[in-house]
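S.K.: Under the numbering used here, the letters of the sequence shown match residues 1060 to 1240, in that order.
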Amino acid sequence: MITIDAVLGFWFAEGMPERWFVKDPAFDNEVRQALGAGYEEASAGHLDDWMSSARGCLALCILLDQAPRNLFRDDPRAFASDAQARKVLRHALDQGLQSELSQIERLFLYLPFEHSEDLQDQEECLRLTKALDQDPSWYDYAVMHRDIIARFGRFPHRNAVLGRETTAEEAAFLNEPNSSF
1060 MITIDAVLGF
1070 WFAEGMPERW
1080 FVKDPAFDNE
1090 VRQALGAGYE
1100 EASAGHLDDW
1110 MSSARGCLAL
1120 CILLDQAPRN
1130 LFRDDPRAFA
1140 SDAQARKVLR
1150 HALDQGLQSE
1160 LSQIERLFLY
1170 LPFEHSEDLQ
1180 DQEECLRLTK
1190 ALDQDPSWYD
1200 YAVMHRDIIA
1210 RFGRFPHRNA
1220 VLGRETTAEE
1230 AAFLNEPNSS
1240 F
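1. Please report how far the alpha carbon of A1190 lies from the alpha carbon of E1182, in whole angstroms.
2. Given this structure, state the Cα-to-Cα distance separating L1160 from R1078, to the nearest angstrom.
3. Quick check on G1095: does DSSP put it in helix, strand or coil?
4. Alpha carbon to alpha carbon, how far is D1194 from R1165? Give it in angstroms, no decimals.
5. Go to A1144, then tell me how far its alpha helix (DSSP H) extends in each direction, as first and last residue.
6. Around the Cβ of F1080, are there at least 16 other Cβ atoms within 10 angstroms (buried) or fewer (exposed)?
7. V1147 and L1119 - do their beta-carbons sit closer together than 7 Å?
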């Protein structure tokens, strides 16, 4: 059985920040080896007791929000546990657990809102990331995500994977630089 320390130790290991947001099959495979079984446990609800601590909530958000994007790249399952991750995030916020985490840890706790296609979640993400002054680009990325949801009500770059029809406006947008993440 996977542990909170194993999830966080892997995700925040030296050299990982350069790999987090890059499409890399080798990294995807490392995530599969290190976190694949943990994702299965978390998505089945078997690790819900982790929500009793800040580090546990963070580990769950990584397993339910970040890991599936690597485990199931270009597959609808990449987004299948997003609602569970938002539930964990809301619980952590309700309990004030985010105050126990470093700024980079809080960023990963907050990412389920940044990945949400709900505008209210996006607005809340802006409020939360605005307080993270360690790296101003974190807020800039949150603004970019919110602006896409405000404009389209969804992330057009997910349309093909999710079997959604792309509108002409979305297609034009997708041809612009920085249109997807």
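We treat Cβ as the ideally placed atom computed from N, Cα and C, and that holds for glycine.
M.R.: In brief:
1. 13 Å
2. 21 Å
3. helix
4. 12 Å
5. D1141 to Q1154
6. exposed
7. yes
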